[in-house]
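Peer 1: This note's numbering numbers the first residue of the sequence shown as 8 and each following residue consecutively.
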Amino acid sequence: SSWAAGWIFLVAGVTDQVDGFLARRWRVESRFGKLADPLADRLMIDAAVILLWLEGKLPWPGALVIVLRDAILVGGYRLLMPKGVELSVSMLGKLATWLLYLAVGILTVVGHETKWPLWLFWVGLGLALLAAAQYVVAARAEVEE
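1. Counting beta carbon pairs with one atom in the region 28-43 and one in the region 124-141, are three or more of them shorter than 8 Å?
2. Relative to the C-alpha of S95, which candidate in T121, L107 and L42 has its C-alpha closest?
3. Buried or exposed, going by whether 16 or more other CB atoms sit within 10 Å of the CB of P89?
4. Measure the CB-CB distance between F128 and G63 and report whether it falls below 8 Å.
5. Determine whether the beta carbon atoms of V117 and S9 lie at a separation below 8 Å.
6. Can the beta-carbon of G112 be found less than 8 Å from the beta-carbon of L46?
7. Tell me which same chain residues have a C-beta within less than 6 Å of the C-beta of I79, skipping the five on either side of it?
8. Look up P68 in the DSSP assignment and say whether it is helix, strand or coil.
Shown next, in the form of structure tokens:
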């Protein structure tokens, strides 16, 4: 377990969320920020999930599903962007990201014998998959217009 890594991950996650909240509240959002921020969230979670899998703290199916989901969403967005399709992060997507940040942060600091944070991870993963389905439906509606 690594308390330093866990705290750094959690602080990075919290500051990322605060940054997005303040940008919206102060109306200083940018097109770049709308693209880069969700991508940075995905990269941060994916990197941590892969490291947790390598340490034996996260089952490979969970790590694989998260990484594949994110690769599909990023690839899909790259296809839609030239068509002028813009999607916003849903509340469900934000909740999934928060749960995944929390689960990954806790899994980083606890020992291998501590299993309860995996429940947070699985719930976060389930919500992330539901959010992905929302994004696919929203993207199809935008393309069909």
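Note that beta-carbon positions come from the ideal geometry of N, C-alpha and C, so glycine has one too.
Since the model is a prediction, treat every value here as computed from it, not as a measurement.
Peer 2: In this structure, then:
1. no
2. Of the candidates T121, L107 and L42, the one whose C-alpha sits nearest the C-alpha of S95 is L42.
3. exposed
4. no
5. no
6. no
7. none
8. It is helical.
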